[in-house]
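Peer 1: Residue numbers (the working numbering), protein chains in the order written: chain A, 5 to 421; chain B, 8 to 367; chain C, -7 to 326. Every residue gets a Cβ at the ideal spot worked out from N, C-alpha and C, and that includes glycine. Only a predicted model underlies this, so the values are computations on that prediction, with no experimental measurement involved. Please find one structure pasted underneath; my questions will follow.
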Amino acid sequence: MKNTIRQVFHSPKFVIGFVIFFGILLLSIIYPLVHPGDPLESVFIGSDRGSFTPPGTYFSLYDAASSFRTNLNPKSKTAADRATISISDEQRVRMITWLTAMEVSLDGVDTTDDAALLEIWKANYDESAKPKGMTKSERNACKRLNSDLNSSGKESPLKVASEDESVKIKDIDPMNYVPVNQVRSVIRLPLGTDNFGRDVLKELVSAIGTSLLIGLVAGVIATLIGLVFGLLSGYVGGLVDDIIMFITNIFTVIPSFILLILINYSIGQEARGAMVVAVVIGLTSWTWTTRSVRSQVISLRNRDHVNLSKLSGHSLFRIVMTDILPYIASYVVMAFILQISSAILSEAQLSLLGLGPSTTKTATLGLMMNWAMLYSAHLGGSWWAYFPVIGVIALISFSLNLMNTGLDQVFNPTLRD
Amino acid sequence: MSDVMLEVKNLTTKYVTRFHEDVYAVDHVSLKIERGKSLGIAGESGCGKSTLALSLMGYYFPPLHYMSGDIIIDGKNISGMDPDKVRRTVLGTEIAYIPQAAMNALNPTRKIRKFIEDVILAHDPKVSKKDIYELAQNRFAELGLPVEALDKHAVELSGGMKQRVVIAISTILRPKVLIADEPSSALDVTSQKMVIKMLRDMMDKGMIQAMIFITHELPLLYNVTDDIMVMYAGQIVERGSAKEMVFDPVHPYSRGLMNSILVPEEGTRSVKLTAIPGTPPNLKNPPAGCRFAERCRYAKPECRYNQMPIIDFAPGRTYRCGTSVEELRELYRKEDEMNAAEASSDTGAADGPVRLTKGV
Amino acid sequence: MKGYRKYFGKKILWFFITLVVAVILNFILPRLMPADPVAAITGKMAQGVTDASTTKEIYERFQKVFGTDKPIVVQFFIFVKNALRGDFGFSFSQYPRTVSDIIGNAIPWTLALQLPAIIIGWLLGNLLGALAAYIRKGFDKVLMPLSMFFSAIPAFGMAVILLVLFAVRWKIAPVNGGYDIGMIPTFSWNFVKSVIAHYQLPFWSIVLVSIGGQAIGMRSMSIYELNADYVKYSRFLGISDRKIVGYVFRNAMLPQITGLALSIGTMMGGALVAEIVFSYPGLGSTMYKAVTSADYPLISATTLIITIMVLLSTFFLDIIYGFIDPRVKAAQFD
């Protein structure tokens, strides 16, 4: 046993898979300890951004203004940063639209060059002009755009006043900096927020935990059923074998995701918790394990040590436990690993169909994906809401598959290369 | 046209294992076979006899590598030739091979006829498929094989039929030398007999000029081949005619090998069946002296570090040992006498050693 | 011939048994559950109706539509009879369209998308796997981990990644749908062009996902075949390496057909979910719409049709395999 484990850990494939998988597992355990709190709680309530806050460090403007200020006076950084105006795509389109409408020639001008475009804009923009085919609201938008462009780069100090007149008015100089750690309220969002204003990283870590649990529960159920059926079918043989194989063959061909859809739909919204989904997945995916265990048991059934045990009058249970199970343990472990990975994928696919765990209290990887898709994160460029989820699902199944291949190479020497 | 069909001089080949270790499974092997003669090679499994069979083909692919030596077939030296030239002009036409596991030697998804086409077209792309089919039909008929087998897949043939089809395919281009590596070991007795008869017939009809027959079943060699050669740990330890090798082995290993099996033939003396103690040396790291010294009951201390040369001691007979032939024969005579005395004193003992006595 | 007849007979029998079981499950699973679908539907349809007798009337009407007022065995035969005629009733969410009309429109899209994508993914995967097994060394070292990673990305994930990169960021492919929204399906050149443009991303996301798994399977199968005795024997007969590689590729690829038959259900499941990402007008999106709008008749019919599609493709793959691999015939004689 010890020797087998040592051998397994000499397989580079297994080790890489193991490290990735347990890294993810540890993250899902340790992160909530470091950052406690409800993962599904909104960080921003009714924020004007509405949805999908990008990743970043957010600090309260109020606290920043009232915080201790240091006049750092960085040589030219601030001025230079402010002088170079970066034009957003939206602004660029608006500028070009206005200029073309006013029949300003843009020949030979690189409109992707911010400075060049700005120069032409400043030279030609006229607030009172009424370009053809432009509505009043569009003209107003241009006006706002112009004042935005003009205001940036100006360096007059701002004044901050309070409604309470006893508080003195503060001047904020362009050269004033505040150390972030001295601002009282700072929210760090390494992966931004989702559409409901929840911290994606926190949500993701909690979803990893739930999804792994779903994988584990489904995997245990599927492996147990598969093991019992496989042992019975392979060892007892005869009619039992015929019946079990009949059922197994049918359920191998009937696609399990169809069964999942039918069962999950029928269970209904209210009853469909994460664990119920896990159990259903486990109940529909045991056929592979049954087949693999059965074929292993059949090849073992007539080996000398099993026959010896039979002749010695050992009970069926004892023969199975001591003469069969230890020999097929490696296959069972491999089947178990694959079950975990396919269960996590099944949950994700079900959730995307809207048939995943219907819960507002826990997140799963599939639900996060579903939420991101429902609010079109992928069309709005909010990569942080879906990309980490896809990445984590891929990494989990990649690591599990690697572990499985590693084990396969250790236990099936013919596959070694 | 010389009378020597196959001459091998100091052939050395090696295996490279997965862990990049060199295993010299064929170590300075020399042998000669004349036209119309057959040679049997015997030895324990792992002694290098199968590797020798592969090495004799002159066509090497990993993990087997050619090191040194010459293979001369009918006066033509094929070692050092371009591998692709060997493939096109030597394999199948000069020298052919019958594999150990003929059960799986045929591509399971290709019809026998198509496979024969592949073989012939590989040597001469201009032959028409019709001619090939005719040739194959004639050859199958000549060898007593059912012609219908040509239109079947290998999986549809029985084990014995598969082996005979393999022999027919191997010799389709009338090779001068045929190397058969345990062609009958996996077969039942009837099929075995048919295979042996087929090989003998081919020799008699001159379809092949010379044959090397490799097996671990010595009695078979006695019936099939003219000469027998014994291999141990990648080296040849003794060679002689079949009869001499069975009834008068000189090398202690040959004697051990003969004593460990029954030879159910005329002239059998009282034989005590004994196994040779110990296991062959690891060829990754062969011993400096005689490779058999470790297991040899007649070994002297110097055997362990003296390289043993191969010695001709009678016409057509060679051996590799540090002790003289006379001395060895004297030792064997004494041993046999002792065994005979022991045998007469406790005849009928229930658990005595197995005996085979003449005239019983 | 006896071997073939036995093999095909067995396969046809299995096809019918699994079909019957699938139909029974499709019928019975939703009815086994405690919830009363008719009550749920009535609740949905009768929203805002306060009059109890009207509600009861609606309930009874739907009971009749579904036949739930009859014994379950009778219900089953009505279900089968209607299904055989292609009559699955009306859709709730897209009333007054019939379910068979909706599904009939979706099937060609799904078939045209998934059939070529799965076949091409399978072929490319096998080609790469065989190359990896034959070339080994560097190619293998790079290709295998890559294949493993690609096969780990779920189909919907690949769909989202391709969509974001090609449609949203680089804008070289349309974002969603099967054709431009303003168009009416006709056989005009513009329409075909639009269909082809919309086809690319869903197609490649399915292909890319299936390549990895197939390549890994084909590689180990090829390595196994390369070490087979017939390879060594063929070499010693002077047959060229190129020809032998042909043998190996063919022999390793044939069992991959069975592999495809066994995994086609899972592959189609993934591909259907990928359809949702692109709002592709196939069965996947139909099912999604049905689920989100609790359109019970539509869900029931979609799952049944998908099951039949999977069963049929498994059946055909088995038949093809039986014809082209002589090993099957031999195995039937045992």
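In the DSSP assignment, what are the bridge partners of B/M238?
Peer 2: B/I243
Peer 1: What does DSSP give as the partner residues of B/H160 in its beta bridges?
Peer 2: B/K118
Peer 1: Would you report the Cα separation of A/T252 and A/R298, rounded to the nearest angstrom?
Peer 2: 11 angstroms
Peer 1: For C/G274 versus C/V265, is the C-beta spacing smaller than 8 angstroms?
Peer 2: Not a contact, by the Cβ cut-off of 8 angstroms.
Peer 1: Is the region 343 to 358 of chain A in contact with the region 396 to 405 of chain A, if contact means three or more CB pairs nearer than 8 angstroms?
Peer 2: yes
Peer 1: Mind pulling the chain C residues with CB within less than 8 angstroms of B/M64?
Peer 2: F228
Peer 1: I want to verify the contact list: residues of chain C whose CB lies under 8 angstroms from the CB of B/A284, in sequence order.
Peer 2: With the sequence shown as reference, residue 284 of chain B is identified as Pro, and Ala is not the correct amino acid for it. Those within 8 angstroms of B/P284 in chain C number zero; the least Cβ separation is about 34 angstroms.
Peer 1: Let me make sure I understand the geometry here. Which of A/E107, A/L354, A/L44, A/N144 has the alpha-carbon closest to that of A/L205?
Peer 2: Ranked by how close their Cα comes to the Cα of A/L205, the residues A/E107, A/L354, A/L44, A/N144 have A/L44 in first place.
Peer 1: Quick one: give me the first and last residue of the alpha helix (DSSP H) that A/N253 is part of.
Peer 2: Segment 242 to 257, the alpha helix (DSSP H) holding A/N253.
Peer 1: Who are B/M218's beta bridge partners in DSSP?
Peer 2: B/S45, B/L185
Peer 1: Can you list, in chain order, the residues of its chain with a C-beta nearer than 8 angstroms to that of C/W114? Leave out the 5 residues immediately preceding and following it.
Peer 2: Contacts found: S202, Q206, Q248, L252.
Peer 1: Between B/R246 and chain C, is there a C-beta pair that is closer than 8 angstroms?
Peer 2: Judged by the 8 angstroms Cβ criterion, B/R246 is not in contact with chain C.
Peer 1: If you follow the beta strand (DSSP E) that B/H223 is in, where does it begin and where does it stop?
Peer 2: For B/H223, there is no enclosing beta strand (DSSP E), since its DSSP letter is neither H nor E.
Peer 1: Mind the definition here: the region 206 to 226 of chain C touches the region 123 to 133 of chain C only if three or more C-beta pairs lie below 8 angstroms; say whether that holds.
Peer 2: yes
Peer 1: Using a cut-off of 8 angstroms between C-beta atoms, extract the partners of B/Y104 located in chain C.
Peer 2: Y225, F228, L229
Peer 1: 8 angstroms is my cut-off, CB to CB: does C/D221 come that close to chain B?
Peer 2: yes
Peer 1: With a Cβ-Cβ cutoff of 8 angstroms, do A/R305 and A/G238 count as a contact?
Peer 2: yes
Peer 1: Taking 8 angstroms as the cut-off, decide whether the C-beta atoms of B/I48 and B/M238 are in contact.
Peer 2: yes
Peer 1: Near B/R311, which residues of its chain fall below 6 angstroms by C-beta distance, leaving aside the five closest residues on each side in sequence?
Peer 2: Leaving aside the five residues that flank B/R311 on each side, the residues in its chain whose CB is nearer than 6 angstroms to its CB run, in chain order, G296, A300.
Peer 1: Tell me, which residues are paired with A/G60 by DSSP?
Peer 2: A/L193
Peer 1: By how many angstroms is the C-alpha of B/M12 removed from the C-alpha of B/D233?
Peer 2: If you draw a straight line from the Cα of B/D233 to the Cα of B/M12, it comes to about 15 angstroms.
Peer 1: Fully enclosed by the region 18 to 62 of chain B, which beta strand (DSSP E) runs are 3 residues long or longer?
Peer 2: 29 to 41, 45 to 49
Peer 1: Once DSSP output is grouped into helix, strand and coil, what is the label at B/G76?
Peer 2: If DSSP states are grouped into helix, strand and coil, B/G76 belongs with the strands.
Peer 1: Which residues of chain B have a Cβ atom closer than 7 angstroms to the Cβ of C/R242, listed in chain order?
Peer 2: Listed along the chain, the chain B residues whose CB falls inside 7 angstroms of the CB of C/R242 are T116.
Peer 1: So for A/V171, helix, strand or coil by DSSP?
Peer 2: coil
Peer 1: Output yes if chain C places a C-beta closer than 8 angstroms to the C-beta of A/F200; else output no.
Peer 2: no
Peer 1: What residues from the region 125 to 149 of chain B come within 7 angstroms of chain C, judged by C-beta to C-beta, listed N to C?
Peer 2: D125, V126, A129, H130
Peer 1: Between the beta-carbon of C/S83 and the beta-carbon of C/L290, is there less than 8 angstroms?
Peer 2: yes
Peer 1: Have a look at C/I176, C/M260, C/L120 and flag the residue whose alpha-carbon is nearest the alpha-carbon of C/T102.
Peer 2: Across the set C/I176, C/M260, C/L120, the C-alpha of C/M260 shows the shortest separation from the C-alpha of C/T102.
Peer 1: Here's the rule: buried if 16 or more other CB atoms are within 10 angstroms of the residue's CB, otherwise exposed. What is C/F179?
Peer 2: exposed
Peer 1: Within this structure, are the beta carbons of C/S271 and C/G169 separated by less than 8 angstroms?
Peer 2: yes
Peer 1: Rounded to the nearest angstrom, what separates C/N97 and C/T278 at their Cα positions?
Peer 2: 10 angstroms
Peer 1: Roughly how many angstroms separate the alpha carbons of A/P194 and A/F63, rounded to a whole number?
Peer 2: 14 angstroms
Peer 1: From C/D317 to C/N243, what does the alpha carbon distance come to, in whole angstroms?
Peer 2: 8 angstroms
Peer 1: Any heavy atom of the ligand MG closer than 7 angstroms to the beta-carbon of A/S32?
Peer 2: You won't find the ligand MG in this model; it holds no ligand whatsoever.
Peer 1: Out of A/G317, A/A165, A/S313, A/P36, point me to the one whose CA is closest to A/I212's CA.
Peer 2: A/P36
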